[in-house]
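S.K.:
In the working numbering, the protein residues as written are 2 to 73.
1. Near residue 33, what residues of its chain come up, given a Cβ to Cβ distance below 7 Å and the 5 sequence neighbours on each side ignored?
2. Just list the residues that DSSP pairs residue 22 with in beta bridges.
3. Applying the criterion that 16 or more other CB atoms from any shown protein chain within 10 Å of the CB defines a buried residue, is residue 36 buried or exposed?
4. If I'm right that residue 51 touches residue 63 with Cβ under 8 Å, what's the distance once you round it to whole angstroms?
5. In the DSSP output, what is residue 39 paired with across the bridge?
6. Under the assumption that residue 43 contacts residue 12 (Cβ atoms under 8 Å), give the Cβ distance between them as a whole number of angstroms.
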């Protein structure tokens, strides 16, 4: 059984980014909500990164400043 993390442990988690699939209609909105909550709770900013599965042979991951709900 896995135990839950202690309260206020979020800043110690190794989260490097929030990802969303471009094909998911609510994906960006959910990623923005997670990014905002994480920054408000921990004081750490992590980027939102797009995942476009139609670009698997090219560049499936990309960063866009317009996707960010919070800034560093």
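Cβ atoms here follow ideal geometry from the backbone N, Cα and C, with glycine treated the same way.
M.R.: On the basis of the supplied data:
1. Along the chain shown, read from residue 1 onward, the residue named residue 33 stands at position 32. Closer than 7 Å at the Cβ level, and outside the excluded window around residue 33, lie 49, 70.
2. To locate residue 22, count along the chain shown from 1; it is residue 21. For residue 22, which the question treats as bridged, DSSP gives the partners 52.
3. Along the chain shown, one-based indexing puts residue 36 at 35. It counts as buried.
4. Here residue 51 is taken as the residue at index 50 of the chain shown, counted from 1. Here residue 63 is taken as the residue at index 62 of the chain shown, counted from 1. About 5 Å; that satisfies the 8 Å criterion.
5. As a position in the chain shown, residue 39 is number 38, starting the count at 1. Note: residue 39 sits in no beta bridge, so no partner.
6. Start at 1 with the first residue of the chain shown, and residue 43 comes out as number 42. Start at 1 with the first residue of the chain shown, and residue 12 comes out as number 11. Confirmed, about 4 Å.
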